[in-house]
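Taken in sequence, the protein lines are chains G and E. Just remember that the working numbering sits 102 ahead of the position in the first sequence, which is counted from 1. Just remember that the working numbering sits 102 ahead of the position in the second sequence, which is counted from 1. First up is the structure itself, then whatever we jot down about it.
There are 2 protein chains.
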Amino acid sequence: AGDAQRGAEKAGSCLACHGAQGKAAAPIYPNLAGQNAAYLELALQAYKKGERNGGQAEVMKAFVAGLSDSDMADLAAYYGSLQPGD
Amino acid sequence: AGDAQRGAEKAGSCLACHGAQGKAAAPIYPNLAGQNAAYLELALQAYKKGERNGGQAEVMKAFVAGLSDSDMADLAAYYGSLQPGD
Numbered sequence: 103a104g105d106a107q108r109g110a111e112k113a114g115s116c117l118a119c120h121g122a123q124g125k126a127a128a129p130i131y132p133n134l135a136g137q138n139a140a141y142l143e144l145a146l147q148a149y150k151k152g153e154r155n156g157g158q159a160e161v162m163k164a165f166v167a168g169l170s171d172s173d174m175a176d177l178a179a180y181y182g183s184l185q186p187g188d
Numbered sequence: 103a104g105d106a107q108r109g110a111e112k113a114g115s116c117l118a119c120h121g122a123q124g125k126a127a128a129p130i131y132p133n134l135a136g137q138n139a140a141y142l143e144l145a146l147q148a149y150k151k152g153e154r155n156g157g158q159a160e161v162m163k164a165f166v167a168g169l170s171d172s173d174m175a176d177l178a179a180y181y182g183s184l185q186p187g188d
């Protein structure tokens, strides 16, 4: 499983859309706080593998392109560790 | 925008994985309670348009195949109306 602390250090480029506390900056982006880390990791992997396309997926694909598997696991652990409504 | 009450009536086939209160039955499925309705609608549309493929996406594509645009808007409104951690 990922490391939430390391994930927090890597989340800089996620904040603009997903918010500092995982509450999305706009309703077309998903809230991530309290989401299941395993699901988040699968979603990040899906963007990286090109299994998600069109619309916002194109933006996400650009962001995940530079992430390693452990980066994605850490980011998933970080957002999963936040409490929704914080 | 969708109608949460109508969405509740259509959510029968979603419960097995996403839970009665939108808390996923397994960590590889996303929690939906309190998720942004606009995002949920985009995600459902992405499954319907074949923009999401592989893994669990194949399961979701089967579920959304029979849904109309208003069904998807209502389901998104319903799950978006639930409070996380209910």
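Cβ coordinates follow ideal geometry from the N, Cα and C atoms, glycine included.
Its chain contains 120 and 126 as the residues whose beta carbon lies nearer than 8 Å to that of residue 132/E, once the 5 sequence neighbours on both sides are disregarded; these appear in chain order.
A Cβ of chain G is located within less than 8 Å of the beta carbon of residue 137/E. Looking at the backbone, the Cα of residue 103/E and that of residue 111/E are separated by about 16 Å. Residues of the region 146-161 of chain G with a C-beta less than 8 Å from any C-beta of chain E: 148, 151, 153, 154, 155, 156, 157, 158 and 159, listed in chain order. Contact check for residue 169/G against residue 123/G fails: the beta carbons are separated by 8 Å or more. For residue 169/G, not one C-beta of chain E is nearer than 8 Å to its own C-beta.
Shown here for residue 158/G: not one same chain residue has a beta carbon closer than 6 Å to its own, the five before and five after excluded.
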